[in-house]
Structures are given as structure tokens and as C-alpha cells.
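Asks: Before we start, here is the structure in question, set down as C-alpha cells.
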Amino acid sequence: MSSNSSEVDRRAVPDEATALLTIKIGEVSRTSRKHLTILTFGFLLSEGLDVFRAKVDSCTDKALENFRGERHVRENRALYMRPGAHSKQAELVEITSINFENRVARSYRNYLKRKTDDPFQCEVYVYVKKVVAPRRRRPKEAVEITTAAALQGEFAQTQRLDSGELSGAAVASSSKRKRSAGSEDGDEQSQSYQTLQGQQVDGGYYRTVRMVVNGAVVPVQVNVHDLLSCFASFQHSTALGTETHQGEAGANGFEE
């Protein structure tokens, strides 16, 4: 029975027809009153859905390319038809190879019911979406991100200092202090160096260190890497001066 009905519908529909393509903006699951454009193209019902779909795709792609305004893309490749002349968007039916001819025939019967002198146009719908541009960062936000990345890179470079080298520097410093035990400045410098070595740089590239300023001990924010380098250089020069002084004293017959 359904086969005979299909044959009757098939004979009632003209093989050569016009499609009215509406390119809507939005999603089929949500009510959308906006459309990109409406256009028409001719098709043969006997050619089947594949040829019909190819024509819809070609027309849609050209419309998207030629549209002057915000950019849109077609992510949903489905085709839809209305089951009735006054059907809502939620009632749209997706067109498949199984229901294609029946849906075109149903559209033609709805056209005949309207008893209009206008030529038959088979309505078909596709959906496109507006391309949303990525949010631009504010200038202040971009500067903060760049600065944080730079500090992170410097900190990572500092953390790569070999712990063995630090231990070796501490041993050498201790040996030199023994040769200059009478120097209070040398003891104070070595103590500060050991304190920094023990703390390492686990809190950041800069660290708070206690220093004597105008006779008072105050916390000072310092660059740890630079401070360690200064201490090592200062102790090295102090040790050389002590050894030279001891050599001169021995030559003159004096000892300290």
C-alpha cells in the first residue's frame, strides 16, 4: 500500500522543479529568525539526493564566500524540510536518501493545497554559524604575562646551578677562612654565604637577606645569583691578599 502511494506521489510531482534554499544563522535545535540569504536553483527529482545535496552545498559555499559582513561557517552539513506549510523550526525534518522523494512530494501537495498561481518551489533549509573571534588580551594583561614568562625563564636558569659546585665553593671558602682566622670581615662574609647556600633559591629569583646598614640589621631584597657571585669574588681576592701578607711576614722573620 505504501509502495503504491509512493508511486502516486512520485507521478504527481514534476521531475523538473525549483528549490528555494534558505541559509539560516544559528542552530536547528534553537529558534532562529535570522538568515544569511535566500536563493533558488533548479533540480531534477530523478537525479536523487546526492545531486540535490551537491547543488545545495555549492550554492551555500558560494553564498558564504560572497557574503559581505561577519564571517560564517557551515558546520552542520544536514539538509532540512518543513513537513507542513506552517510548521515550526522544531518540526523540521532532516532529509535522507530514504525520505528524499517522499518529502519533496509532500512539499508539492502542500503547494497544491494553497491553490496559488505561483510556481512550485521546494523549500529546503541549511544552517550556518557566525565565527566568533578570540578575545583579545588587554595591553596590561599581555605585559603581565610576558613579564611572568621572562621571570620564570630566569628562575629556571638559576635553579639549574649544580649543587655540587655550590658545595665545592663552600669547602674552598671554609679552607680560606682558616688561613685568615683573624679577619672578622672574612668570618661574617662566610657566614652570610653559608646562610644563602643553605636557603638556596626555592622562594624565587629574589630573596630577603639580613644585612647591616648603618649599624642596624635590616631585611633587604636582593638578587641571589648576583650576590653569590659577589661573595665568591670578594672571598677569593681576600684569600689572595692574606696569603701574600703571610709570605711577606715569613720572609721578614715575623709571624702573626
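For the sequence shown, the residue numbers in the numbering used here are 15 to 270.
Note that CB positions come from ideal geometry on N, CA and C, so glycine has one too.
Run through DSSP, which three-state label would F66 get?
Replies: Translated into the one-based positions of the sequence shown, residue 66 becomes position 52. F66 falls in the helix class under three-state DSSP.
Asks: State the DSSP-derived secondary structure class of T222, mapped to helix, strand or coil.
Replies: By 1-based counting over the sequence shown, the position of residue 222 is 208. Note: T222 maps to strand in three-state DSSP.
Asks: Relative to the C-alpha of V27, which candidate in C136, N228, V107, R224 has its C-alpha closest?
Replies: By one-based count along the sequence shown, residue 27 stands at place 13. Of the listed residues, the one whose Cα sits closest to V27 is C136.
Asks: Would you list the residues sitting across from K102 in a DSSP beta bridge?
Replies: For this step, residue 102 is matched to residue 88 along the sequence shown. Looking at the DSSP assignment, K102 forms no beta bridge with any residue, so it has no partner.
Asks: Indicate whether E89 and K143 have their beta-carbon atoms separated by less than 8 Å.
Replies: Here residue 89 corresponds to residue number 75 of the sequence shown, with the count starting at 1. Here residue 143 corresponds to residue number 129 of the sequence shown, with the count starting at 1. Taking 8 Å as the Cβ cut-off, E89 and K143 qualify as a contacting pair.
Asks: Would you mind giving the Cβ-Cβ distance between G56 and E30, rounded to the nearest angstrom? I have them listed as a contact below 8 Å.
Replies: Here residue 56 refers to the residue found at position 42 when the sequence shown is read from its first residue. Here residue 30 refers to the residue found at position 16 when the sequence shown is read from its first residue. Sure, about 7 Å apart at Cβ, within 8 Å.
Asks: For K127, does the three-state DSSP call read helix, strand or coil?
Replies: Translated into positions along the sequence shown, residue 127 becomes position 113. Of the three classes helix, strand and coil, the one that applies to K127 here is helix, per DSSP.
Asks: For R221, collect the residues of the same chain with a Cβ closer than 6 Å to its Cβ; drop the 5 residues on either side in sequence, then sort them by chain order.
Replies: As a working note, residue 221 is residue 207 in the sequence shown. Excluding residues within five positions, the ones whose Cβ falls inside 6 Å are V238.
Asks: Does DSSP classify A33 as helix, strand or coil?
Replies: Residue 33 sits at position 19 when you count from the first residue of the sequence shown. In this structure, A33 counts as strand in the three-state DSSP scheme.
Asks: Using only the alpha-carbon positions, how far apart do V236 and I39 sit?
Replies: Walking along the sequence shown from the start, residue 236 turns up at place 222. Walking along the sequence shown from the start, residue 39 turns up at place 25. So the two alpha carbons sit approximately 59 Å from each other.
Asks: Given E105, which residues of its chain have a CB within under 8 Å of its CB, disregarding the five upstream and five downstream residues?
Replies: For the purposes of this step, residue 105 is taken as the residue at position 91 of the sequence shown. Excluding residues within five positions, the ones whose Cβ falls inside 8 Å are R96, P97, G98.
Asks: Out of L126, A92, R82, R47, which one is the CA nearest neighbour of F66?
Replies: For the purposes of this step, residue 66 is taken as the residue at position 52 of the sequence shown. Out of L126, A92, R82, R47, A92 has the C-alpha closest to the C-alpha of F66.
Asks: Once you ignore the five residues that flank T45 on each side, which residues in its own chain have a CB closer than 6 Å to its CB?
Replies: Here residue 45 corresponds to residue number 31 of the sequence shown, with the count starting at 1. Q103.
Asks: Going by other Cβ atoms of all chains shown within 10 Å of its Cβ, with 16 needed for buried, is R120 buried or exposed?
Replies: Along the sequence shown, read from residue 1 onward, the residue named residue 120 stands at position 106. It counts as buried.
Asks: Going by beta-carbon coordinates alone, are S94 and V107 separated by less than 8 Å?
Replies: Within the sequence shown, the letter at position 80 stands for residue 94. Within the sequence shown, the letter at position 93 stands for residue 107. Ser is not the amino acid found at residue 94; the sequence shown has Tyr there. Yes; because the gap between Cβ atoms is below 8 Å, this pair is in contact.
Asks: In terms of residues, what are the limits of the alpha helix (DSSP H) holding A26?
Replies: One-based indexing of the sequence shown puts residue 26 at position 12. Here the alpha helix (DSSP H) through A26 covers 16 to 26.
Asks: Please name the residue, chosen from V145, E79, D64, F81, that lies closest to I109 on a Cα-to-Cα basis.
Replies: Here the question's residue 109 lines up with position 95 in the sequence shown. Selected option, being the one with the closest Cα: D64.
Asks: Do I112 and A77 have their C-beta atoms closer together than 8 Å?
Replies: By 1-based counting over the sequence shown, the position of residue 112 is 98. By 1-based counting over the sequence shown, the position of residue 77 is 63. It is not a contact, given that the beta carbons lie outside the stated cut-off.
Asks: Given a threshold of 16 other Cβ atoms within 10 Å of its Cβ, counted over all protein chains shown, does L50 qualify as buried or as exposed?
Replies: To locate residue 50, count along the sequence shown from 1; it is residue 36. The residue in question, L50, is buried, as its Cβ has 16 or more Cβ neighbours within 10 Å.
Asks: Please report the straight-line C-alpha distance between F81 and V70, rounded to a whole angstrom.
Replies: Walking along the sequence shown from the start, residue 81 turns up at place 67. Walking along the sequence shown from the start, residue 70 turns up at place 56. Using only the alpha carbons, I get a separation of about 16 Å.
Asks: Taking DSSP as the reference, what is the three-state secondary structure of F245?
Replies: Taking the first residue of the sequence shown as 1, we reach residue 245 at position 231. F245: helix per DSSP, three-state reduction.
Asks: Rounded to the nearest angstrom, what separates L35 and I52 at their Cα positions?
Replies: Working through the sequence shown from its first residue, we reach residue 35 at position 21. Working through the sequence shown from its first residue, we reach residue 52 at position 38. Cα to Cα, L35 sits roughly 6 Å from I52.
Asks: Quick one: measure Cβ to Cβ for T54 and T74, integer angstroms, because I've assumed they're closer than 8 Å.
Replies: For this step, residue 54 is matched to residue 40 along the sequence shown. For this step, residue 74 is matched to residue 60 along the sequence shown. Wrong, their Cβ atoms sit about 13 Å apart, outside the cutoff.
Asks: In the DSSP assignment, find the beta strand (DSSP E) that holds E137 and state where it starts and stops.
Replies: Within the sequence shown, numbered from 1, the residue matching residue 137 stands at position 123. It spans 135 to 144 - the beta strand (DSSP E) in which E137 sits, taken as one unbroken run.
Asks: Rounding to the nearest angstrom, what Cα-Cα distance links R150 and V87 in this structure?
Replies: The residue labelled residue 150 in the question sits at position 136 within the sequence shown. The residue labelled residue 87 in the question sits at position 73 within the sequence shown. The alpha-carbon atoms of R150 and V87 are separated by roughly 21 Å.
Asks: Going by DSSP, name the residue or residues bridged to I52.
Replies: Position 38 of the sequence shown, counted from the first residue, corresponds to residue 52. For I52, which the question treats as bridged, DSSP gives the partners T36.
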